[in-house]
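Colleague:
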Amino acid sequence: MWLAVISNDGLVTDDYYKQGLAVNQALERDHRAGSLGLQADIMRAGSGIRLFIRSNNDVALPSAIDLKLAHPTRAGQDQTVVMASEGQGFYGGKIAGEVVGRWLVSIEDPAGQWRLHGEWQADSVEPLRLTAQAGK
1 MWLAVISNDG
11 LVTDDYYKQG
21 LAVNQALERD
31 HRAGSLGLQA
41 DIMRAGSGIR
51 LFIRSNNDVA
61 LPSAIDLKLA
71 HPTRAGQDQT
81 VVMASEGQGF
91 YGGKIAGEVV
101 GRWLVSIEDP
111 AGQWRLHGEW
121 QADSVEPLRL
131 TAQAGK
């Protein structure tokens, strides 16, 4: 007895060139954060979240910063929190829904010039420190 199955395996991606450009752009933003000497601490209290950003250089910080939370296995839980400036490098915002466990986190300026990113254990009482690595 023979059994044949026909299915569409699906294409992982149909445009490797565009994806390669996107990876290069993300790396450039990471390197830019490194050249600016950026460092951030993320602190959480319930649904409230605070961010403190500092720099080794005299960098003008924007009035708002995007905090992106990506769940490693549940894309439907991903969210972007617009963090409003509270002055002197502090930013505040609110998380929507329940955020527990391990998350991929990134913060970036609205102009897309720099980015800090890392992994966050959301239910930890310790702040998460993101430090940019100086790049090429």
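Letter 106 of the sequence shown, counting from 1, is numbered 106 in full-length UniProt numbering, and no numbers are missing.
Each residue gets a CB set at the ideal place from its N, CA and C atoms; glycine is no exception.
1) For F52, which residues of its own chain have a beta-carbon under 6 angstroms away from its beta-carbon, when the five flanking residues on both sides are left out?
2) Which whole-angstrom value describes the C-beta separation of A67 and M83, a residue pair presumed to lie in contact below a C-beta threshold of 8 angstroms?
3) Give the straight-line distance between the Cα atoms of L36 and S85, rounded to the nearest whole angstrom.
4) Can you tell me the Cα-Cα spacing of S106 and W120, whole angstroms?
5) Could you tell me how far apart the beta carbons of L116 and A132 are, in whole angstroms, since I believe they sit closer than 8 angstroms?
6) Between G118 and L128, which are expected to be in contact by the criterion C-beta below 8 angstroms, what is the C-beta distance as a whole number of angstroms?
7) Taking C-beta to C-beta, are A122 and R50 nearer than 8 angstroms?
8) For A64, is the classification buried or exposed, using 16 other Cβ atoms within 10 angstroms of its Cβ as the cut-off for buried?
9) Please list, in chain order, all residues of the same chain as R29 whose beta carbon is under 8 angstroms from its beta carbon, the five residues on each side excluded.
10) For D58 and A33, I'd like the C-alpha separation in whole angstroms.
11) Quick one: grab the DSSP three-state call for S35.
Modeller: Quick answer:
1) D41, G89, F90
2) The sequence given here has Leu at residue 67, not Ala. With 8 angstroms as the limit, L67 and M83 qualify as a contact, their Cβ atoms being about 5 angstroms apart.
3) Between L36 and S85, the alpha-carbon positions lie close to 19 angstroms from each other.
4) 10 angstroms
5) 6 angstroms
6) 7 angstroms
7) Contact flag unset, no.
8) exposed
9) E108, G112, Q113, W114, R115
10) Taking the CA atoms as reference points, D58 sits about 13 angstroms from A33.
11) helix
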